[in-house]
Amino acid sequence: MALDLGKVLVVLSLFATVIVTGEDAGDGARSEERLVFSGRLESCSGCQLNRLPEVKAFVTHDLPLYHNIPFKHIGGADPDLLLLDKEGSIIKRIGLKTFKRAEINDLFGSLGFYKKGSSDEEVPEEFLEGPYLPKETKEEEEEPAEDTEEQKDEL
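Below, the structure written as structure tokens:
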């Protein structure tokens, strides 16, 4: 499955901006880090969504399984994921119009949101409240390789 370069760039930019620092509206001083504590998916529930079968399938089948990401109907609006801080202020808005269902699931998972296996499954305690942090990439998870004999000899 080939990924659209634009979508890859969106996901990569999320890793860089999920934890953002902003400017304080009052005096221009830097504010504290804004961590993602919840999300919200906003979209028209009719005409716009009906033209996007992959996104509609996600909204109707997958979104109800995600914890702390409610759906908000906004007439005529394109589907957007809003990442929210502890106070409910928007940190980032991500357009989902061009995403496939699997890509949206991957995006939500990469952002650290918990997806239940079924609607009656309990949410684990560590996912009940944010902050939700991006999952580490495979390279970050791998342990450093053992030094080879040649490298040890150089020391």
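Going by my numbering, the sequence shown opens with residue 1302, and the numbers climb by one from there. Where is the CB? At the ideal position from N, CA and C, for every residue including glycine.
The DSSP assignment places complete alpha helix (DSSP H) segments of no fewer than 4 residues inside the stretch 1363-1439 at 1402-1411, in order along the chain. The C-alpha of Lys-1357 is placed about 24 Å away from the C-alpha of Phe-1338. DSSP lists Phe-1372, Leu-1382 as the bridge partner or partners of Leu-1342.
Around the beta-carbon of Gly-1376, fewer than 16 other beta-carbon atoms lie within 10 Å, marking it exposed.
Within the model, the alpha-carbon separation for Tyr-1433 versus Gln-1349 is close to 29 Å. By the neighbour-count definition (other C-beta atoms within 10 Å, threshold 16), Gly-1347 is an exposed residue. When the Cα atoms are used, Ser-1420 and Leu-1336 turn out to be separated by approximately 27 Å.
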